[in-house]
Each structure stands twice: as structure tokens, then as C-alpha cells.
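K.L.:
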Ligand code: SIN
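In my numbering, the protein residues as written are 1 to 276.
1. Regarding residue 104 and the ligand SIN, is the C-beta to nearest heavy atom distance less than 8 Å?
2. Report the CB separation of residue 266 from residue 54 in whole angstroms; it is logged as a contact under 8 Å.
3. Should residue 182 be labelled buried (16 or more other beta-carbon atoms within 10 Å of its own) or exposed?
4. Give a yes or no on whether the C-beta atoms belonging to residue 158 and residue 175 are separated by under 9 Å.
5. Could you tell me the alpha carbon to alpha carbon distance between residue 7 and residue 231, rounded to whole angstroms?
6. Pull the bridge partners of residue 269 from the DSSP assignment, please.
7. Would you please state the rounded distance, in angstroms, between the beta carbons of residue 62 and residue 112? I believe it to be under 8 Å.
8. When you compare only the Cα positions, how much space is there between residue 227 and residue 276?
9. Would you kindly report the start and end of the unbroken beta strand (DSSP E) that includes residue 155?
10. What is the residue span of the beta strand (DSSP E) that residue 15 lies within?
11. For a minimum of 4 consecutive residues, which ranges assigned as the alpha helix (DSSP H) are wholly contained in the region 179 to 253?
12. For residue 71, which residues of its own chain have a beta-carbon under 8 Å away from its beta-carbon, when the five flanking residues on both sides are left out?
13. Return the Cβ separation of residue 114 and residue 58 in integer angstroms, given the expectation that the two are a contact with Cβ distance under 8 Å.
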């Protein structure tokens, strides 16, 4: 296969053509892993994927071990490795409509997510915005880099329930809560990157509650209000997007209510995060 790559911005994202994701051999998989570490977000158009092919493509990344999302079955999926991401006229929230890293509360977080689009809203919209955490870290001043370099922050799986769904997690449901370093080394290229996100990060350890709130809010705003570290992906039916869930975070824009957008996500886990 001869792969063509067109950057979306100089900083993040690439449109990749000349590849059929049902036919990835080991050489192609190694090229895609390098490209993902370099660009953070890869967009593939016109792919024909069933669940088996979707999962085979995902297994080329991270440890190769698929992630089982606690909400996969509740999302309507018959396969626990496939998460349904769907918003309709009956939805009171849309999954991913807020800046986040996928399930960063896990001790060994998702390394890469692969989202495959089945239906786009007829109104248009439904884009996803991604941000590079390598660049987010690089743009911080040296004193702030030093300040956060030795700190850890708690990521709590119950937070999306409270924030997005406006309720407590269902009784008896346990979600992971993990303290990760705030600055981690990218597992492939060792580059330092900022690892806090509004979707899951609740508290910085070892500082006062006021300091934690103020510092986290400053970092969240830095990520969300710096367009030069971001790219915006426009989807079509049968687009598949792979994102490096360690080096990026994203926001799925819910601007198409009451229309329907329907996709499926398969994710693959990585190892425990290492401080930079
Ligand atoms: C997600 O956060 O996994 C969903 C992203 C999207 O719907 O674009």
C-alpha cells in the first residue's frame, strides 16, 4: 500500500489516504504507529469496517489489548469492546461533548481510540476538535512547567456522571480513580506532555483545595483557548479517526440537536503512565 499523508495543521492531525484498514499488514501497522505518535490524530475516509475489522485495526496500537468500556453494554452495543456513540432527538447529553481524554481514570489508560462513523446529522455539524498535549505543555512558561513537573493529579471516573449526566453514578457501580503525574513522557517518543483534562481530573495532590482548583482551571483554559494546538475534524459517513489518547484530548461538538449522529468506538489500552 502506498500511504499518502496530508497534515491538517502544522501541529496536529493528518488525513491519510491510499490505505484500506481491512488489509493492514505488520509493515503498514508499524508505519501507522509512527504516524500516530507524530501527528496525534489520523483521519481515514471511505472505510468499510465491520466489528471484526474495526477491532483488528485497533489491535495494531498500544498493547493490542482491547478496552472494555463500563458503559459499552448500556450504550446499546452487543459487543463489550465496541462502544456506541450516538445522539438523537431524545438525547439529553451527547457523549464526548466537553474536553476530555478517554477514561483517563484507569491505572493503564487507553492508548488509542478508533471511532467509525455510521450516520452524520443531516443538519451538518458534529465535528470533533482535538488538542495536542505535547504542544500544550511546550507553550507553558518554564516556571509553570517546573511547578507542575513533580505534581500528581487525581482522575475520577465518577466525574463525567456528575458533570455530563448531572447525576451520581448508578448504585453499586465502581469507577476507577487514579493519581497520574501531571507531566508524563510520551510512551513512543519520550516527549513531555500535559496530562490533566476537564472531563476526569478532579484534584491535584499535595496542594490546598484553592490552589488545586485555580491551577487546574488555568491549565484547562490554556488547552481549550489555544487554537494553535488544535485541529477540527469534519466527518463523513464511513470516516474512521484514530487518536493518540495519551498525547491528545478532544471535544465532540454537539451542535446538531435534534438530528442524529451515530458512531462506534473501539479503544486499545497502553501501559502505566511514566512521569517525564
Ligand atoms: C468520544 O469522546 O469518544 C467521542 C468522540 C466523538 O464523538 O467525536
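Backbone N, C-alpha and C define an ideal beta-carbon position, used for all residues, glycine too.
P.N.:
Per the coordinate set shown:
1. no
2. 5 Å
3. buried
4. yes
5. 10 Å
6. 110
7. 6 Å
8. 25 Å
9. 152 to 156
10. 14 to 17
11. 209 to 224
12. 83
13. 5 Å
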